[in-house]
């Protein structure tokens, strides 16, 4: 009758080991049975003693079975060591692969975190007041078929070009403003110097204002003292002199009034500036 093995034992070397163990056990039981029979035979005179050759034969079978059991046990042990070594190598390979997998998981989490950070990053271009997309496409209809990323790049480039042009215009206007400020300062300085001259002129005009008669009398006396002879020619000349003096008196009075009005206008314009 073949021995029955547990269903979980499928390895041939283990089955051989169990078979040898079972045979050795059977031989040991057979020897024990013979010893019991011999003991009963010594106490009972009617009992028959087993022949000594049976015990010797059983012992030889036991020694042979033990030797075979040692051999299969040694083979099973060597197979076990080989299995342990193979298992250790497989475990190391599995640990290496598991560590590599964990590293890949870590890299995956890191890359996903970086991608999410890049997607959620507050980009500067989102805060730039760009020209509306409709206005840009009206000016550049050839870009209507572009994808959103390329379209945004083109809009940013267009915004940069427009701002550079506006910056150049701003610098030109600043230089023009500086020139106008310098010119205005120069004119103010000229007006300040003119103010001093006008004050002096007004003082002189005010000093001689109302004295036109004295000036004309002084001129007539100078003429009369020069031409004292009573000739017809001198009389006509004196008459012409008096005529021109009267005209000159009106001209001087008009000039004084004009200068006074001009001085007042200049002062008013200075206060307005």
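Numbering (this note's numbering), first residue to last: 66 to 338.
By construction, the Cβ of each residue, glycine as well, lies at the ideal position given by its N, Cα and C atoms.
query, result
"Limits of the alpha helix (DSSP H) - the one that residue 195 falls within", "Premise fails: residue 195 is in no alpha helix (DSSP H) and is neither H nor E."
"Collapsed DSSP secondary structure at residue 175 in the structure displayed", "helix"
"Outcome for residue 89 when other beta-carbon atoms lying within 10 angstroms are tallied against a minimum of 16", "buried"
"Inter-stretch contact at 8 Å, needing at least 3 Cβ pairs: the region 174-186 / the region 199-209", "no"
"Alpha carbon of residue 232 to alpha carbon of residue 241, nearest angstrom", "14 Å"
"Proximity below 8 Å, CB of residue 136 to CB of residue 92", "no"
"Option in 134, 258, 220 with minimal Cα separation from residue 196", "220"
"CB of residue 193 within 8 Å of CB of residue 224, strictly", "yes"
"Nearest-angstrom Cα separation, counted from residue 149 out to residue 165", "24 Å"
"Distance between residue 214 and residue 186 (C-alpha atoms, nearest Å)", "16 Å"
"C-alpha gap between residue 179 and residue 169, whole angstroms", "15 Å"
"Selected residue, minimal CA-CA separation from residue 138, among 80, 160, 155", "80"
"Distance between residue 243 and residue 236 (C-alpha atoms, nearest Å)", "10 Å"
"DSSP-derived helix/strand/coil call for residue 211", "coil"
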